[in-house]
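J.: Here it is: the structure, laid out below.
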Amino acid sequence: MSATQLFLLIASPFIGSFISASANGWPNWGKTLRSRSSCSHCHKRLQISDLIPIASFLFLAGKCRFCSSPIVINHLMAELCALLIAIISVWVLSDTLVLASVFLGWILLFGALVDFRTRLLPDGMNLILVITGLLVSFWQSGGQGLLSAALAAIIGFGVFFLISKIYLRLRGREGLGLGDAKLLAAGGAWLGVMAISWIILLACIIALFSMLITSIYSRKKLEAETMISFGPALAMAIYLLWVLKSANIGLL
Ligand SMILES: [Zn+2]
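Position one of the sequence shown corresponds to residue 1107 (the numbering used here), numbered consecutively onward.
Take a look at the structure:
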């Protein structure tokens, strides 16, 4: 294992903690640090040792040391997801692709968490992903790659844009947000035009699966009006397909 890979694995839970706090604070960055540095129940300031990702949660058995209220599990989940992204990237991909892969995974994790909380995907995040996707495609296959990645981004945006307009006209309410269209544009830039239909298919499967689990868990019936945030499913689909493509596994 190279030094870079080891560093990424060790740093990933800390980065996950930061991603979680940033997503909790967005778009008010001032809240970012506050959301992680004090207990959400008794608002007492946490000690440095309470902020060590994953380990502090286990050490405190999931409870605040002052008021014994359960610690919000969101931070732990984000830390574990960031670690999982690093493990998958290091395990499956070659050294040159690992940095691009963890970058993509962690930014998508941030977007998924924000969308989960607010049903919005930050424009800045989508823009960064489109630009970096174009750069990675250029770096992988030169000018030709850049051109087809740009085309894929435009097609990705266009597909969801059209669907959302048709849906709005037929049903009289918004079904897909423009944020989802911009994220699919980013998916196109990173993965190419052939991947767009696979991204949509996999995202739909993930979204349906998570709706089913949620409805069983909360004992609520699924209806056509049930609102789901599609962003997290889309983010997960893009990352999984990126790993498959980069490791030369499968159809892409
Ligand atoms: Zn407390």
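We treat Cβ as the ideally placed atom computed from N, Cα and C, and that holds for glycine.
Taking just the CA atoms, how far does Ile1154 sit from Asp1286?
T.: When rounded, the separation of the alpha-carbon atoms in Asp1286 and Ile1154 is 38 Å.
J.: I'd like the list of long-range same chain contacts for Phe1216, defined as Cβ closer than 7 Å, with 5 residues on each side in sequence excluded.
T.: So the list reads Ile1125, Ser1128, Ala1129, Met1231, once near-sequence residues are dropped.
J.: Pick helix, strand or coil for Lys1351, following the three-state DSSP scheme.
T.: The answer is helix: DSSP assigns Lys1351 an H, G or I state.
J.: Quick test of your reading: Ala1341 and Leu1214, contact by CB under 8 Å. State the CB separation rounded to the nearest angstrom.
T.: 4 Å
J.: Starting from Val1207, trace the alpha helix (DSSP H) both ways and give me its first and last residue.
T.: In the sequence as displayed, the identity of residue 1207 is Ser instead of Val. Note, Ser1207: alpha helix (DSSP H), 1201-1224.
J.: Am I right that Leu1284 and Ile1269 are in contact with their C-beta atoms under 8 Å? What's the rounded C-beta distance?
T.: Contact doesn't hold; Cβ gap of about 11 Å is too wide.
J.: Secondary structure at Ser1144, three-state DSSP: helix, strand or coil?
T.: strand
J.: In terms of residues, what are the limits of the alpha helix (DSSP H) holding Ser1254?
T.: 1229-1277
J.: In angstroms with no decimal places, state the Cα-to-Cα distance between Ser1175 and Glu1185.
T.: 20 Å
J.: Between His1147 and ligand 1, is the CB less than 6 Å from at least one heavy atom?
T.: yes
J.: Skipping 5 residues on each side, what residues in its chain have a beta carbon closer than 8 Å to that of Phe1267?
T.: Leu1284, Ala1287
J.: Whole angstroms are fine: how far does the CA of Met1107 sit from the CA of Ser1321?
T.: One C-alpha to the other measures close to 43 Å.
J.: For Cys1310, is the beta carbon positioned less than 6 Å from some heavy atom of ligand 1?
T.: no
J.: From what residue to what residue does the alpha helix (DSSP H) around Glu1185 run?
T.: 1180-1198
J.: Are the region 1249-1256 and the region 1218-1228 touching by the rule of at least three beta carbon pairs closer than 8 Å?
T.: Contact between the region 1249-1256 and the region 1218-1228 is absent, because fewer than three Cβ pairs lie under 8 Å.
J.: Among the residues of its own chain, which have a CB less than 7 Å from the CB of Gly1168, if the five just before and after it don't count?
T.: Pro1176, Ile1177
J.: Looking at Ala1188 and Ser1118, is the spacing between their C-beta atoms short of 7 Å?
T.: yes
J.: On the three-pair Cβ rule with 8 Å, is the region 1344-1358 touching the region 1300-1310?
T.: yes
J.: What residues in its chain sit with their C-beta under 7 Å from that of Leu1203, if we drop five residues either side in the sequence?
T.: Ser1352
J.: Please say whether Leu1233 and Phe1244 have beta carbons closer to each other than 7 Å?
T.: The Cβ atoms of Phe1244 and Leu1233 lie no closer than 7 Å to each other.
J.: Please confirm whether Phe1165 and Leu1182 have their CB atoms less than 7 Å apart.
T.: no
J.: Considering only their Cβ atoms, is the gap separating Ala1291 from Val1236 smaller than 7 Å?
T.: In contact: Val1236 and Ala1291 (Cβ atoms closer than 7 Å).
J.: Looking at Pro1338: is its Cβ nearer than 7 Å to the Cβ of Ala1218?
T.: Their beta carbons are under 7 Å apart, which means Pro1338 touches Ala1218 by this criterion.
J.: So is Trp1212 buried or exposed if we call it buried at 16+ other beta carbons inside 10 Å?
T.: That one is buried.
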